């Protein structure tokens, strides 16, 4: 009985090998072609961890929610308890299977800083966020479907210096949604634009519209190309990023580049208060000198017989 079962298994294995060889002969390129096709269709898994610190204001939270809606492959997490344990974000990213991170750091309930990092090896960039305008504030006419993939564009200034190239690479990994993302829709209907003006990065988000949908008369025109039929309408949000430092690691490591022209908001506020204090001191000194001059003039002036203090004495 045992010998018969062994013979049956051997014959079944031979039949499987013959069928496999025939299938490889039918496919162009044989087994190598099958392996290549399976490896080429392997999805690229890229996820972005989005979180913030405690003490964040409502406007900062609304900006974070707007960006989370644009980043389809993003994953929001709870607030970070400690502001001094930033390397622990790498562990959170590992637990959530994320290879990029966006961290919104609030200081003194008024200053917003943005960390963009590639976890866990870096690099990471720290930005100062100013001129924030959320979607609710702007109420633009543009709109895009949630989950659609954007076209991320950068100005030609990003190719001038090395630190701008690193910024371009990090921002591309964060905002460019891969087509294999789980929640991504299979089409493109908006453009995310990054441009450099005065050493700062300006963020804009536009919807791609066809003029034929806006103006029906445009459909009757002939000799119009597809490029001429497209237009852009701003969606929002708006904000400006000032790069401060570029680190080799993720939220740590040696500083590769530092913006020498950046003035911290604390120092600017201190200078403003010092200037206001100097103005106040100068105003008080002028008042005291004016009073002293009046007293000297009154002492030098001769007494008048018709003064009130003498008439009604």
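In this note's numbering, the protein residues as written are 238 to 550.
Think of the CB as a built atom: it goes at the ideal place given N, C-alpha and C, for glycine as much as any other residue.
Every value quoted in this text rests on a predicted model; they were computed, and no experiment measured them.
- Burial check for residue 447: the Cβ neighbour count within 10 Å stays below 16, so the residue is exposed.
- Residue 530 and residue 515 have their C-alpha atoms some 23 angstroms from each other.
- Beta-bridge partners assigned by DSSP to residue 313: 287.
- The shortest C-alpha to C-alpha distance from residue 314 to any of 287, 525, 406 is the one to 287.
- Counting only unbroken stretches of 4 or more residues, the alpha helix (DSSP H) elements lying wholly within the segment 406-494 are 448-451, in sequence order.
- The segment 378-394 makes no contact with the segment 346-356: fewer than 3 CB pairs, one atom from each, lie closer than 8 angstroms.
- Taking a cut-off of 8 angstroms on C-beta distances, the segment 323-336 does not touch the segment 291-302, as fewer than three cross pairs fall below it.
- Boundaries of the beta strand (DSSP E) harbouring residue 353: 348-355, taken from the DSSP string.
- Look at residue 321 here: in three-state DSSP terms it is coil, with no helix or strand label.
- Within its own chain, the residues whose Cβ lies closer than 6 angstroms to the Cβ of residue 494, once the five positions on either side in sequence are excluded, are 400, 483, listed in chain order.
- Using a 10 angstroms sphere on the CB of residue 355, the tally of other CB atoms reaches 16 or more, which defines it as buried.
- When DSSP reads this structure, residue 390 sits in a beta bridge with 430.
- Of 395, 378, 318, 405, the smallest CA-CA separation from residue 361 is found for 405.
- The three-state reading of DSSP puts residue 296 in helix, counting H, G and I together.
- Residue state for residue 361 is assigned as strand, using DSSP reduced to three classes.
- The residue among 491, 471, 394 with its C-alpha nearest the C-alpha of residue 370 is 471.
- Residue pairing from DSSP places residue 343 in a beta bridge opposite 349.
- For residue 525, the enclosing alpha helix (DSSP H) covers residues 502-537.
- Note on residue 310: 16 or more other CB atoms within 10 angstroms of its CB, so buried under the neighbour-count rule.
- Excluding residues up to 5 positions away in sequence, 363, 364, 365, 496, 499 lie with their Cβ nearer than 7 angstroms to the Cβ of residue 481 in the same chain.
- The three-state secondary structure of residue 327, taken from DSSP, is helix.
- Residue range 372-375 is occupied by the alpha helix (DSSP H) that includes residue 374.
- In the three-state DSSP reduction, residue 368 falls in the strand class (E or B).
- Secondary-structure assignment with DSSP links residue 337 through a beta bridge to 285, 355.
- Residue 283 is a Cβ neighbour of residue 415, given a cutoff of 7 angstroms.
- Around the C-beta of residue 479, 16 or more other C-beta atoms lie within 10 Å, and the residue is accordingly described as buried.
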